[in-house]
Amino acid sequence: MGNKELAMFNGIGFHTWQVKLKGHLMRKGLWSIITTDAQNLTAQQIRERQAKDEKALGILITSVADDIIHHLDEATSAKQAWETLERTFGAKSKHSKISLKMQLYGLAMYENETLSSLVNRLKSLCTQLSYIECHIDDDDKVAVLLKALPSTYDNIVTILKEKEPIPTLESVINSLQEDHNNKHPHNETNASKALYVSSSKHTKACKHCGKYNHLSSECYKIKKCVKCGNWGIHLNFVPKAMAAMATTAARRLPSKVNVSTMCKVKVMIVMMKIKELTPTMMK
Numbered sequence: 013m014g015n016k017e018l019a020m021f022n023g024i025g026f027h028t029w030q031v032k033l034k035g036h037l038m039r040k041g042l043w044s045i046i047t048t049d050a051q052n053l054t055a056q057q058i059r060e061r062q063a064k065d066e067k068a069l070g071i072l073i074t075s076v077a078d079d080i081i082h083h084l085d086e087a088t089s090a091k092q093a094w095e096t097l098e099r100t101f102g103a104k105s106k107h108s109k110i111s112l113k114m115q116l117y118g119l120a121m122y123e124n125e126t127l128s129s130l131v132n133r134l135k136s137l138c139t140q141l142s143y144i145e146c147h148i149d150d151d152d153k154v155a156v157l158l159k160a161l162p163s164t165y166d167n168i169v170t171i172l173k174e175k176e177p178i179p180t181l182e183s184v185i186n187s188l189q190e191d192h193n194n195k196h197p198h199n200e201t202n203a204s205k206a207l208y209v210s211s212s213k214h215t216k217a218c219k220h221c222g223k224y225n226h227l228s229s230e231c232y233k234i235k236k237c238v239k240c241g242n243w244g245i246h247l248n249f250v251p252k253a254m255a256a257m258a259t260t261a262a263r264r265l266p267s268k269v270n271v272s273t274m275c276k277v278k279v280m281i282v283m284m285k286i287k288e289l290t291p292t293m294m295k
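Adding 12 to a residue's 1-based position in the sequence shown gives its number in our numbering.
1) Closest to V156 by CA distance: which of T180, I144 and E145 is it?
2) Quick one: is T164 near chain B, going by C-beta distance under 7 Å?
3) Name the DSSP bridge partner or partners of V76?
4) Rounding to the nearest angstrom, what Cα-Cα distance links L130 and V31 in this structure?
5) Given that a residue counts as buried once 16 or more other Cβ atoms are within 10 Å of its Cβ, and exposed if not, what is D49?
6) Leaving out the 5 sequence neighbours to the left and right, which residues in its chain are closer than 8 Å to A160 when beta-carbon positions are compared?
7) Please say whether I80 and G23 have beta carbons closer to each other than 7 Å?
8) What is the residue span of the alpha helix (DSSP H) that I45 lies within?
9) Kindly indicate which residue of V76, T88, S187 and T164 has the alpha-carbon position closest to the one of E123.
10) What would DSSP say about I144, mapped onto helix, strand or coil?
11) For L112, count neighbouring C-beta atoms within 10 Å of its own C-beta (all shown protein chains included) and say buried if the count is 16 or more, exposed if not.
12) Taking only the alpha-carbon atoms, compute the straight-line gap between Q189 and P197 and give it to the nearest angstrom.
13) When we look at the beta-carbon of I361 and count the other beta-carbons within 10 Å, is it buried (16 or more) or exposed?
14) Measuring CA to CA, which of P177, A217 and V154 is closest to N186?
15) Helix, strand or coil: how does DSSP classify Y165 here?
16) Skipping 5 residues on each side, what residues in its chain have a beta carbon closer than 8 Å to that of M20?
17) Nearest CA to the CA of H83: which residue from T54, Q62 and T96?
18) Since L141 and K109 should fall inside the 8 Å C-beta cutoff, what is the C-beta to C-beta distance between them, to a whole number of angstroms?
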C-alpha cells in the first residue's frame, strides 16, 4: 500500500518525486539517515538510528510502484535504497535533458494556438528541466518565446528585441498580450458578451414570470401566439423538443377543444416541465 502523503513513483519524473520524498523524510526527522554515516555512536544511539533507518527504508519501499520495487530487493538500509534509485533512475533523467532542451529550443506556435497556450508550453518545459537541475535563464526564455512567434508578431518582436536592458519574461508576455488585444479588440468583447448572455439565462430570474430558463426579453408572457392570437401563450421561447412534447400530449384532448384552449394546455404542459427541470438547471 503506497504512502498516502506521497505520490507513488512509477518510473516517470524521478527528480520531482525524489525532492518530494526528501521533504517527506525531513518532516519525519529521518533525512539524516540518508545523508550521514553511523560513526562513534553509543549502543543507545545505534539502536535509535536503526529504528529510524527501518522507518525510512519502509517509506522508500512503500513509495514505489510494483514494477519498480524489485530494484530494492537487496537494499538493507534507507541510504542504500536511496542511492540505488538515484543510480538507476537519475541517469535516465539526465538523458531526458537533451530531449527537453530540443523541445524547448524548437518551440513554435501552432496554427490557431493562443498566446497563453504557447506561454504555458514554454513554462512547462522550463519547469521539467528545473526538476532535473537544468536551470533556464530568463533571457533564454525570452529569446525562445520571441523566436516561437509567427510573422504576425514581427513588429512587436522587433521592438522587444531592441530593448535595453533585456526585459523580463513576464513583461514580454504582457507586451505581447497587449499588442494582441489592440489588434483584436472585438474578440474579448464578443466572448464576454456571449458568456454573459449564456450565464444570465440561468442566474437571473425573468421579471415577467420569475423563471430562470430565459431572458426577460424572450418571455412568453409578452409574446402573442400566432395560432390563437392571445398574449402570454407562446412556445417559441422553449426548446423545440419540449414544444413537440407539449404538442403530442395536447393531441389527446377532445377534438372539439378550440385553438385557444389547445395553446393554453400546451403552455401549461411546458411550464410543468420547466418547473420540474429548474432545480437541476440551477445546481
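Backbone N, C-alpha and C define an ideal beta-carbon position, used for all residues, glycine too.
Quick look at the numbers:
1) T180
2) The structure shown contains no chain B; it is built from a single protein chain.
3) F21
4) 28 Å
5) exposed
6) L119, A120, M121, L130 and L134
7) yes
8) W43 to T47
9) T164
10) coil
11) buried
12) 11 Å
13) With the chain covering only 13 through 295, there is no way to say anything about residue 361.
14) V154
15) helix
16) G14, S75, V76 and A77
17) T96
18) 7 Å
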